[in-house]
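Reviewing the structure listed below.
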Amino acid sequence: MKILIVSDTHGRHQALDRALEEAGKIDMFIHLGDVEGGEDYLEAVVECEKHIIRGNNDFFTELPREEEFEIGSYHAFITHGHYYYVSMGMETIIEEGRSRGADLVMFGHTHRPFFLQKDGMTILNPGSLSFPRQEGRRGSYMIMEVDGDGKMSFEQKYL
């Protein structure tokens, strides 16, 4: 299973189109918020299972604030992150993930890639496709793969 994980596109689709093209065939698409009106566009161009949540800039949307679902045998918790103060540190979101029994915690909001595996939990942020804030300022996304044995692997990608 191949999963494309993105965040913080802010209504701009050029970088998203490029990430979709580079990723090739995907089995699942996850957007971690700040779609800013791009819901219909995502619905039209992404042809697999989708999980899309709202971010702090998604004012007039019916997207859910958070979502929990299974990826193979892993319990995933996705949120934009601003309710868990991710700009200040990871402690609150890690504790929330732990309280939900999550194996995977995914968030956006900071516009910076982040990856940590701790105490059996994977915490990640793919960064922003449209407005990156990390050194080099290249749009970023993540590819997650689950192999036939159920083992997860992750690859941080830059445009």
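To convert, count from 1 in the sequence shown and add 1386; that's the numbering used here.
Glycine included, C-beta positions come from ideal geometry on N, C-alpha and C.
Note that the coordinates shown come from a computational prediction; the quantities given were computed from them, not determined experimentally.
Worksheet item: With 16 other CB atoms within 10 Å as the buried threshold, where does Tyr1471 fall?
Response: exposed
Worksheet item: Got a sec, what are the start and stop residues for the beta strand (DSSP E) Thr1542 sits in?
Response: First, the residue type needs correcting, since residue 1542 is Gln and not Thr in the sequence shown. Looking at the DSSP string, the run of the beta strand (DSSP E) that includes Gln1542 is 1538-1544.
Discussion item. Tell me which residue opens and which closes the alpha helix (DSSP H) that Thr1508 is part of.
Written reply: Not the alpha helix (DSSP H): Thr1508 falls in the beta strand (DSSP E), residues 1507-1512.
Worksheet item: In chain order, what residues of the same chain have a beta carbon less than 6 Å from the beta carbon of Ser1473, not counting five sequence neighbours either side?
Response: Thr1496
Worksheet item: Residues in its own chain within less than 7 Å of Arg1404 by CB, not counting five upstream and five downstream?
Response: Leu1545
Worksheet entry | Contact the segment 1531-1544 vs the segment 1424-1444: 3+ CB pairs below 8 Å | no
Item to complete: Sort Glu1407, Ile1509, Pro1450, Met1492 by Cα distance to Ser1393 and report the nearest one.
Response: Met1492
Worksheet item: What distance in whole Å lies between the Cβ atoms of Asn1443 and His1396, which are believed to be in contact at a cut-off of 8 Å?
Response: The pair is a contact, with the Cβ atoms about 7 Å apart (cut-off 8 Å).
Item to complete: Please specify which runs of the alpha helix (DSSP H), each continuous and at least 4 residues long, are wholly inside the segment 1418-1487, giving them in chain order.
Response: Here the runs fully enclosed are 1425-1431, 1477-1485.
Practice prompt. On the DSSP bridge assignment, give the partners of Pro1499 in chain order.
Written response: BP columns for Pro1499 point to Pro1512.
Practice prompt. Please classify Glu1407: does DSSP put it in a helix, a strand, or coil?
Written response: helix
Item to complete: Spell out the partners DSSP gives Phe1415 in its beta bridges.
Response: Leu1390, Lys1436
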